[in-house]
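Encoded as structure tokens, the structure appears first; notes follow it.
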Amino acid sequence: MMGDRPSPPSRAMSSAATTSPSVDKVDGFSRKSVRKAKQKRSQSSSQFRAQGKPIELTPLPLLKDVPAPEQPELFLKKLQQCCTVFDFIDTLSDLKMKEYKRSTLNELVDYVTVSRGYLTEQAYPEVVKMVSHNIFRTLPPSDSNEFDPEEDEPTLEASWPHLQLVYEFFIRFLESQEFQPSIAKKYIDQKFVLQLLELFDSEDPRERDYLKTVLHRIYGKFLGLRAFIRKQINNIFLRFVYETEHFNGVAELLEILGSIINGFALPLKAEHKQFLVKVLIPLHTVRSLSLFHAQLAYCIVQFLEKDPTLTEPVIRGLLKFWPKTCSQKEVMFLGELEEILDVIEPTQFVKIQEPLFKQISRCVSSPHFQVAERALYYWNNEYIMSLIEENSSVILPIMFSSLYRISKEHWNPAIVALVYNVLKAFMEMNSTLFDELTATYKSDRQREKKKEKEREDLWKKLEDLELKRGLRNDGIIPT
């Protein structure tokens, strides 16, 4: 599905896999101990070369210590040396060479930051080769049934002392004033981007943060890759929503998309509108929404600021996927709706006010006080209040019965106090309609009570008749 795959795991990882049965016997009755064992194995995602003997790298002189004309060639040699990847699971192996590579990477980071004239055409393939050797690897499988991102600690990448410097170097390389996309595009291509996107599933949040910056720089500099990057992110999200419900980098990808959407030209293309309706809105349905909801809501609002006519399909989409059994998600939905209402055009508000306030009315009536409280906070928002006031003749009849009933019956005094404030605001907006609705509500309640009394009387008569029939059958009352 993702095209070319990263190179397969090293032999050392294969040997680790073959020993897994013994690791899994840590405690046959404890899922946590098995999880910890898996965490240790998952750190071996670094793609190192298994060596029968220690790795030896020939020390090279510092770049600053050689004449300027010789520096580009020495730069290439250092890049080639840094293609060697070490085993960080074995903490005692190759300590001297690990430190040598770390110091070399630090030197390369400083060199590309301050030097000029180093970036020859021969350097581009060597840079991409070194970066690829270090960062592209097979990530360990994650058991989404056991791992809870909100509760469990993420697995940190063991080789981070080197990996961080490789990412830092690559970012400085992409940001260099001498960087030429016309040359680099031969090496930073679709295959490279696919492998980069796969790494967003890394459990290590530090790595995902660097990947976010790298992908953003590539998107900005390589115009020919932009549509491809958007399409592949689209595919990742669709697979996440409809197949796996597991991908660690959703928040980071959405953060990148937020700035991409911000740069869309107007009028929006049909493909962008489709992405909003078919991909971003369904993302609200996944169980792990809380992990990326802030970034998702930001993307939605960016779209609506670009094209206000998208407001109706967005709000109807949110109402369609409104959570039925998860109060935490309801609170998130209400927060996002308020962000949308903050930027909504009055002409668009009129189109969705009825279904929207029917849902808000249900939220206000929720026995879960946080849901009711979040919905009632809408009346503290000045812009939303102005929209409600302009359309009070439509909104007040929808909300009134719920508000009046809650003011008499809700178990939480804080909610009752908020409801009184809302009723007071409605009364000040449209006192005539408020009085009519109050009279109608009381009249309806009287009719309901009368019907209830009639039902009770009817049942009592039926019970009396049944009792008399039973007594006659027993001969206690003469026929």
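So that you can map any letter, position 298 of the sequence shown is 298 in the UniProt record's numbering, and since no number is skipped, the others follow by simple counting. Built from N, CA and C at the ideal position, the CB exists for glycine as well.
At least 8 Å separates the beta-carbon of glutamine 302 from that of asparagine 248.
DSSP places leucine 156 in the coil class of the three-state scheme, outside both helix and strand. Shown here for phenylalanine 434: same chain residues with a beta carbon closer than 6 Å to its own, the five before and five after excluded, namely Phe426, Met427 in chain order.
Inside the segment 302–372, DSSP marks whole alpha helix (DSSP H) runs of 4 or more residues at positions 311–320, 327–343, 346–364, from first to last along the chain. Closest in C-alpha terms to isoleucine 218, from the list Ser182, Arg206, Gly117, comes Ser182. When DSSP states are grouped into helix, strand and coil, proline 140 belongs to the coil group. When the beta-carbon positions are compared, threonine 311 and leucine 304 come within less than 8 Å of each other. With respect to the 8 Å criterion, isoleucine 236 and leucine 253 are classified as neighbours on the basis of their beta carbons. Note that the C-beta distance between phenylalanine 357 and methionine 399 is below 8 Å.
Counting only runs that start and end inside the segment 365–438, the alpha helix (DSSP H) elements of at least 4 residues fall at 369–376, 382–390, 392–409, 413–429. Sorting Glu466, Lys351, Lys324, Trp379 by C-alpha distance to the C-alpha of arginine 362 places Lys324 at the top. Valine 128 is a Cβ neighbour of phenylalanine 192, given a cutoff of 8 Å. The C-alpha of glutamate 330 lies about 47 Å from the C-alpha of alanine 184. Apart from the 5 residues on each side of it in sequence, valine 277 sits with its Cβ closer than 6 Å to the Cβ of Pro313 in its chain, given in chain order.
When rounded, the separation of the alpha-carbon atoms in glutamine 232 and histidine 216 is 14 Å.
By the neighbour-count criterion, in which a residue is buried when 16 or more other Cβ atoms sit within 10 angstroms of its Cβ, serine 366 is buried.
DSSP places glutamine 122 in the coil class of the three-state scheme, outside both helix and strand.
A distance of 8 Å or more separates the beta carbons of leucine 257 and glutamate 207. The alpha-carbon of methionine 130 is positioned some 9 Å away from that of glutamine 81. Sixteen is the threshold: since fewer than 16 other Cβ atoms of the shown chains lie within 10 Å of the Cβ of asparagine 473, the residue is exposed.
Annotation for asparagine 248: no alpha helix (DSSP H) segment contains it, and DSSP assigns it neither H nor E.
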